[in-house]
Amino acid sequence: MNIDKKKINLFLGLFTTALAVGLVIYFYIQYSYVKTFETKSARPILKEMPAFSAVKLDSSEIVDRQSLYQNSPRLVMVHFWATWCAPCLTEFPQLMAKLEGMKDTKGFTAVLVAINENAKDIHKFLDKNAIKIPNNVIMAIDEKGKSQFDFGTVKIPETYLFNGKGVTVEKFIGPQAWEDRFFADKIQANLPPSP
């Protein structure tokens with residue numbers, strides 16, 4: 022019986038040691054993976070605004086990189102959303118309030134691209150929620166959803182900020198707290214100089 026007790030204690034000791042070593046290795050690998058992921062995602066992959074096209078709500082006018090920058094350099098926000106996207110709908114009133122508060126900001130334009138949508142559904146949503154489109158906002162539709170892939174967007178909502186030369190300044194993944202001062206400061210800091 023004494024030998025069985027020694028074997029059991031030896032087995033438990035080895036098992037506990039192996040478990041502890043295994044956990045240390047597991048957590049080290051997880052920590053390394055997360056650190057690597059954080060480092061790689063700190064910089065947007067998209068270096069500049071890609072060639073894309075969407076159609077303005079209520080017209081057949083095309084919105085694309087060329088049309089956004091043809092008159093003068095400007096800071097451009099491109100926001101992907103949809104009426105079928107619950108997080109998009111939750112953040113939309115805050116986003117519109119932020120953009121309304123910036124409607125007189127010179128050199129700034131926001132393009133809100135509705136993915137896999139049609140004009141009827143967009144109007145229904147805007148009317149139901151009494152949302153007015155400020156003069157610095159271009160509401161656009163991409164019925165086939167191609168533009169989101171031009172940007173590398175997989176999941177919406179997602180927002181990009183491009184400087185006056187079309188270079189990516191920032192990428193915001195997922196719904197945002199648009200009332201946060203951070204966004205206004207980021208936009209102010211990247212506005213092109215007044216002519």
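Plus 21 on top of the position in the sequence shown (first one is 1) and you've got the numbering used here.
Cβ atoms here follow ideal geometry from the backbone N, Cα and C, with glycine treated the same way.
Would you identify the three-state DSSP class for residue i, choosing helix, strand or coil?
i    : result
V76  : strand
S62  : Model confidence at S62 stands at a pLDDT of 37, short of 50, so the residue's coordinates are unreliable; what they give is reported in the following sentence. Here S62 sits in helix by DSSP.
A161 : strand
V175 : coil
T104 : coil
T57  : In this prediction, T57 scores a pLDDT of 43, lower than 50, which makes its location untrustworthy; no coordinate-derived value is stated.
N184 : coil
L96  : strand
I136 : strand
Compare the C-alpha of residue i against each of the options and name the closest.
i    : options                : result
S93  : L67, Q197, K186, A198  : K186
P114 : S215, G166, L147       : L147
F129 : I143, I152, V99        : V99
G173 : A198, S215, K192       : K192
L96  : D142, F203, L116, V190 : V190
P213 : M160, E112, Y90, F170  : Y90
L116 : L133, D125, W105       : L133
Name the two residues that bound the continuous alpha helix (DSSP H) containing residue i.
i    : result
K119 : 107–122
D148 : 140–149
D125 : Counting along the chain, D125 falls outside any alpha helix (DSSP H), and DSSP gives it neither H nor E.
L89  : 86–90
Give a yes or no on whether the C-beta atoms belonging to residue i and residue j are separated by under 8 Å.
i    : j    : result
E179 : I194 : yes
N211 : L182 : yes
A131 : L120 : yes
A75  : S168 : yes
D79  : A118 : no
I217 : I136 : Absent from the model: residue 217. The displayed extent of the chain is 22 to 216, so no value can be given.
Looking at the ligand NAP, does it come within less than 7 Å of residue i, judged from the CB to the closest heavy atom?
i   : result
V84 : Because no ligand of any kind appears in the structure shown, any question about the ligand NAP cannot be addressed here.
#### Entry: Continuous alpha helix (DSSP H) assignments of at least 4 residues falling wholly in the stretch 187–212
Every unbroken stretch of the alpha helix (DSSP H) spanning 4 or more residues and falling wholly within the stretch 187–212 is given here in chain order: 202–211.
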